[in-house]
Amino acid sequence: MQDNFDSIISRNTLFWLLITNMAVLTPQFEHATAWTLAICAICFVWRVGIYFGKVAAPPKLLVTLLAIGAAITLGLVSSQIGLLNALINLLLLGYALKYIEMRQIRDVKTVVLVGYFIIALTLLDQQTIINTLHLTLVVVINTGVLISIYQDKRKPMANAIFSFKLILHSIPLAILLFVVFPRLGPLWMVPSMKTAKTGLSNELSFGDITNLTRSAELAFRVGFENPDGSTTGPANTDLYWRTLVMENYDGTTWRQDDSIINLQLQAFFQNIQRNKPTTADETAKVYQYTVISEPSHQKWLYGLDEAFSQDNGIVELPDYRIFSIRPVDQRQSYRVSSFPNSIMDTHLNDKTRQINTRLPAETNPETWQLAQQFKRNFPDPKARVSAMMNHFAEQQYFYTLTPPTLGEQQIDDFLFNTQAGFCAHYASALVFLARASGLPARMVTGYQGGEYNPKAGYYSVYQYMAHAWTEVWIEGEGWQRFDPTAMIAPERILDGFDATFDSQTSYLQDSPFSTLRLKQYPWLNELRNQIASLDYYWSVWVLGFDEEHKQQLLQKLLGEVNTTKIAIMMLVSIIVILLFIAYFAGLLQFRPKQDPINRKYHSILQRFSQKGLPNNQQLPPVSYLQFVEQHAQSSQPGLVKLFTQFTTLYVMLKYQPPTSQERVDNLKKYNRLYQKLTLKLFTIKQISDSNSHSFL
Numbered sequence: 145m146q147d148n149f150d151s152i153i154s155r156n157t158l159f160w161l162l163i164t165n166m167a168v169l170t171p172q173f174e175h176a177t178a179w180t181l182a183i184c185a186i187c188f189v190w191r192v193g194i195y196f197g198k199v200a201a202p203p204k205l206l207v208t209l210l211a212i213g214a215a216i217t218l219g220l221v222s223s224q225i226g227l228l229n230a231l232i233n234l235l236l237l238g239y240a241l242k243y244i245e246m247r248q249i250r251d252v253k254t255v256v257l258v259g260y261f262i263i264a265l266t267l268l269d270q271q272t273i274i275n276t277l278h279l280t281l282v283v284v285i286n287t288g289v290l291i292s293i294y295q296d297k298r299k300p301m302a303n304a305i306f307s308f309k310l311i312l313h314s315i316p317l318a319i320l321l322f323v324v325f326p327r328l329g330p331l332w333m334v335p336s337m338k339t340a341k342t343g344l345s346n347e348l349s350f351g352d353i354t355n356l357t358r359s360a361e362l363a364f365r366v367g368f369e370n371p372d373g374s375t376t377g378p379a380n381t382d383l384y385w386r387t388l389v390m391e392n393y394d395g396t397t398w399r400q401d402d403s404i405i406n407l408q409l410q411a412f413f414q415n416i417q418r419n420k421p422t423t424a425d426e427t428a429k430v431y432q433y434t435v436i437s438e439p440s441h442q443k444w445l446y447g448l449d450e451a452f453s454q455d456n457g458i459v460e461l462p463d464y465r466i467f468s469i470r471p472v473d474q475r476q477s478y479r480v481s482s483f484p485n486s487i488m489d490t491h492l493n494d495k496t497r498q499i500n501t502r503l504p505a506e507t508n509p510e511t512w513q514l515a516q517q518f519k520r521n522f523p524d525p526k527a528r529v530s531a532m533m534n535h536f537a538e539q540q541y542f543y544t545l546t547p548p549t550l551g552e553q554q555i556d557d558f559l560f561n562t563q564a565g566f567c568a569h570y571a572s573a574l575v576f577l578a579r580a581s582g583l584p585a586r587m588v589t590g591y592q593g594g595e596y597n598p599k600a601g602y603y604s605v606y607q608y609m610a611h612a613w614t615e616v617w618i619e620g621e622g623w624q625r626f627d628p629t630a631m632i633a634p635e636r637i638l639d640g641f642d643a644t645f646d647s648q649t650s651y652l653q654d655s656p657f658s659t660l661r662l663k664q665y666p667w668l669n670e671l672r673n674q675i676a677s678l679d680y681y682w683s684v685w686v687l688g689f690d691e692e693h694k695q696q697l698l699q700k701l702l703g704e705v706n707t708t709k710i711a712i713m714m715l716v717s718i719i720v721i722l723l724f725i726a727y728f729a730g731l732l733q734f735r736p737k738q739d740p741i742n743r744k745y746h747s748i749l750q751r752f753s754q755k756g757l758p759n760n761q762q763l764p765p766v767s768y769l770q771f772v773e774q775h776a777q778s779s780q781p782g783l784v785k786l787f788t789q790f791t792t793l794y795v796m797l798k799y800q801p802p803t804s805q806e807r808v809d810n811l812k813k814y815n816r817l818y819q820k821l822t823l824k825l826f827t828i829k830q831i832s833d834s835n836s837h838s839f840l
């Protein structure tokens with residue numbers, strides 16, 4: 145069919161355009177500014193008016209002025225919303241303005257192509273199984289616009305079904321390319337979104353982690369791979385997910401040291417790795433697991449101590465963290481090996497010791513005095529830290545999500561006045577005490593605990609599980625973890641966050657529609673876990689399908705993998721797919737399709753032959769009817785009567801116009817008679833007539 149680009153848009157296409165406009169734009173609304181949303185809404189309402197014939201298309205000058213004004217506005221606010229967000233808004237505005245300005249078929253095709261681009265852009269940011277199914281539906285709707293151009297006489301539902309079939313036919317080829325095509329890294333760097341997800345920051349003040357307790361967002365998921373095939377991880381008390389190490393303290397805020405920041409900047413250009421502990425000792429413990437990180441737009445990753453990863457794009461920093469060389473702007477799956485019994489830094493160099501014993505001058509004098517008291521009473525470093533930990537349990541300290549405001553001398557005010565705080569308060573106080581007594585110490589932030597899903601065998605770690613703890617360097621033992629929270633609120637570490645705090649007043653307070661609210665209803669919580677399991681499997685099998693998984697799958701299919709076998713597999717698969725598509729498109733038919741009316745008529749004749757009637761099916765319908773009457777009238781008058789009506793309708797249907805209402809009614813009667821004849825013949829063992837004779 146030849147395109148007529150200058151033809152007017154049909155009403156059927158206009159209807160599809162109304163649907164596809166909302167479908168394409170809706171997934172990107174979270175990135176749209178108020179100005180963009182307002183223009184998109186105006187364009188949609190105007191197009192609705194055009195569809196119902198209430199208004200005419202706007203003048204091109206007005207559309208042009210709106211486009212220029214929107215572009216200037218985005219240019220002015222791009223520094224606040226981020227370059228990528230500005231470009232997304234510009235694309236959405238272009239789509240909406242072109243949508244309202246359409247007059248001819250060529251404009252429709254432009255809008256559809258831009259729609260596909262927006263869908264692909266959305267898929268880069270939203271990759272859950274729910275979002276993928278949603279975007280697949282959007283593709284079906286967007287394709288329906290193209291179909292309506294060429295089949296504008298068909299009903300919308302028919303166009304939708306045809307669009308769905310087209311997408312369905314493309315799935316086998318997509319799966320083939322997904323399996324055999326090499327897994328390539330990003331070809332470009334994505335500009336900053338300037339819309340950081342809720343999560344840990346590279347700076348920590350007392351209120352930061354407290355704010356995270358009001359977030360029910362998923363941070364990451366972990367699936368353990370134990371030698372015995374089980375999927376359970378270590379006890380909750382050992383689930384300390386290391387994320388950031390803070391070594392600089394200015395009296396109010398903890399920050400990373402400049403040396404680590406410089407290493408993180410160099411990570412993209414050089415492969416930074418640590419020496420992996422030996423597993424020759426049979427008592428050495430090792431955890432093997434896969435982490436699926438949610439988009440954080442940061443580069444830090446999550447792992448238990450001591451974490452190693454051989455995945456591409458991940459480095460191992462000397463502060464015992466794993467780190468991505470690119471920001472985690474979409475779901476990222478990576479494998480980790482952790483050695484919990486390994487010693488971190490058996491020897492401490494002078495520079496590291498200096499960094500981790502440094503404190504701001506003339507701050508927190510009361511805490512300095514308390515630290516000196518611990519130093520005098522407990523010369524042994526390990527005993528000293530244990531005494532400091534016991535101090536929190538012995539005094540009247542409280543663990544709370546809403547600690548009181550602290551004065552200028554934060555640690556003094558907390559330890560000797562308010563005595564109420566969150567994990568960051570206690571960890572900061574312990575680091576200060578240890579350093580003031582001469583022991584190297586540092587702050588570690590990350591997540592503690594995890595919700596186990598028994599359906600799929602993985603742990604979900606949410607933002608409200610954010611936690612801070614202390615590491616103190618002990619001679620001969622290296623960096624040792626000390627968590628004063630376990631002294632104040634041991635149930636927080638033993639049983640998790642929910643064992644200590646009410647979810648309704650913490651992470652669910654600002655999340656009225658969170659699925660975590662279903663925890664209190666057993667059967668709804670069961671359903672929540674089932675749905676979450678599907679999304680987890682999607683992340684593992686599809687989003688986590690990397691080069692290693694691809695090679696394993698190809699080895700199962702082909703044995704030894706080589707270029708020749710892959711080429712043959714692709715060639716055979718493509719031929720099969722093309723034959724499949726050609727068959728359903730009507731281009732390939734293995735045998736002629738028989739008219740349903742003829743098929744049912746000849747089926748009855750075949751049944752007559754099976755019941756003993758002489759085979760004279762080559763006769764014309766009326767002659768065969770006479771033949772049946774002569775052979776079966778006396779023995780099966782009811783059967784003959786039904787077959788007479790059936791033959792009469794058959795002849796009428798063969799010569800009636802296909803669109804007439806009379807034909808529709810006769811076809812219904814014909815089908816009913818077919819069913820009755822089939823049932824009648826099923827109950828008859830033999831058609832016999834002693835007076836029968838051959839029909840010549």
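Under the working numbering, the residue at position 307 of the sequence shown is numbered 451, and the numbers go up by one with no gaps.
The beta carbon of each residue, even a glycine, is placed where N, CA and C say it ideally should be.
Based on DSSP bridge pairs, tell me the residues matched to D390.
Before going further, note that residue 390 is Met rather than Asp in the sequence given. For M390, the beta-bridge partners assigned by DSSP are M587.
Flag this pair as touching only if the segment 529-539 and the segment 624-640 have three or more C-beta atom pairs under 8 Å; answer yes or no.
The segment 624-640 and the segment 529-539 touch, with three or more beta-carbon pairs separated by less than 8 Å.
Once the 5 residues before and after M390 are set aside, which same chain residues still bring their CB inside 7 Å of it?
The residues are L348, W398, R399, Q400, R586, M587, T589.
Going by DSSP, what residues sit across from F626 in a beta bridge?
The partner list for F626 (beta bridge, DSSP) reads T614.
Among all the DSSP beta bridges, which residues are the ones paired with T434?
Per DSSP, G367, R479.
Which residues bound the alpha helix (DSSP H) around S292?
Counting along the chain, the alpha helix (DSSP H) containing S292 begins and ends at 273-294.
Would you mind sorting A711 into buried or exposed? The rule is 16 or more other CB atoms within 10 Å of its CB.
Looking at its Cβ environment, which holds fewer than 16 other Cβ atoms inside 10 Å, A711 is exposed.
Rounding to the nearest angstrom, what Cα-Cα distance links R115 and Y570 in this structure?
A query on residue 115 cannot be resolved here, the shown segment of the chain reaching from 145 to 840 and no further.
For I273, which residues from the same chain have a beta carbon less than 7 Å from its beta carbon, with the 5 sequence-adjacent residues on both sides left out?
Result list for I273: L678, D679, W682, in chain order.
Consult DSSP for T164 and reduce its assignment to one of helix, strand or coil.
DSSP, read as helix, strand or coil, puts T164 in helix.
Element boundaries [alpha helix (DSSP H), containing I847]:
The question about residue 847 has no answer, for the chain in this structure spans 145 to 840.
Within 10 angstroms of its Cβ, does G688 collect 16 or more other Cβ (buried), or is it exposed?
The residue is buried, with at least 16 neighbouring Cβ atoms inside 10 Å.
Tell whether a beta-carbon distance below 8 Å holds between Q417 and E460.
Contact: yes.
Residues bridged to R399 [DSSP beta-bridge criterion]
Residue pairing by DSSP places R399 opposite E347, N392 in a beta bridge.
When you compare each of Y543, Q653, Q789 to C567 by their alpha carbons, which one comes out closest?
Checking every option, the nearest Cα to that of C567 belongs to Y543.
Can you tell me which of the three DSSP states E460 falls into?
Under the three-state reduction of DSSP output, E460 falls in the strand class.
Option nearest N419 by Cα separation, candidates K242, Q454, L407, P764:
It is Q454.
Determine the contact status of Q695 and V684, defining contact as a CB-CB distance below 8 Å.
When the beta-carbon positions are compared, Q695 and V684 stay at least 8 Å from each other.
Between the segment 221-233 and the segment 164-183, are three or more C-beta pairs nearer than 8 Å?
The segment 221-233, when compared against the segment 164-183, does touch it at the 8 Å Cβ threshold.
How far does the beta strand (DSSP E) with E595 in it extend, from its first residue to its last?
Per DSSP, the continuous beta strand (DSSP E) segment holding E595 begins and ends at 595-597.
In whole angstroms, give me the CA-to-CA distance for H775 and I831.
C-alpha separation (whole angstroms): 8 Å.
Looking at C-beta atoms only, is the number of pairs between the segment 370-390 and the segment 594-603 that lie closer than 8 Å three or more?
Touching, yes.
Could you check what DSSP says for F467 in three-state terms: helix, strand or coil?
Here F467 sits in strand by DSSP.
Below 8 Å on the Cβ atoms is my contact criterion, and I expect F790 with L757 to pass it. Report the Cβ-Cβ distance as a whole number of Å.
No, F790 and L757 are not in contact; Cβ-Cβ is about 15 Å, not under 8 Å.
Would you give the residue range spanned by the alpha helix (DSSP H) that V472 belongs to?
No alpha helix (DSSP H) holds V472; DSSP gives it neither H nor E.
For a quick check, are the C-beta atoms of P525 and I618 less than 8 Å apart?
Yes, they are a contact pair.
The alpha helix (DSSP H) with Y570 in it runs from where to where?
Start and end: 567-580.
For Y260, the first and last residue of its enclosing alpha helix (DSSP H)
Boundaries of the alpha helix (DSSP H) harbouring Y260: 249-269, taken from the DSSP string.
Y603 lies in the alpha helix (DSSP H); which residues open and close that run?
Here Y603 belongs to no alpha helix (DSSP H); instead the beta strand (DSSP E) covers 602-606.
Euclidean distance between Cα positions of L825 and K744
Cα to Cα, L825 sits roughly 14 Å from K744.
When the Cα atoms are used, what is the spatial distance from R247 to L237?
Here the C-alpha atom of R247 lies approximately 18 Å from the C-alpha atom of L237.
Using DSSP's beta-bridge definition, name the partner residues of G385.
Rather than Gly, the amino acid found at residue 385 in this sequence is Trp. Paired residues: Y591.
By Cβ distance below 8 Å, which residues in the same chain neighbour I458 in space, the five residues on each side in sequence not counted?
Closer than 8 Å at the Cβ level, and outside the excluded window around I458, lie L445, I466, F467, S468, I469, Y478.
Please state whether DSSP places A318 in a helix, a strand or coil.
It is helical.
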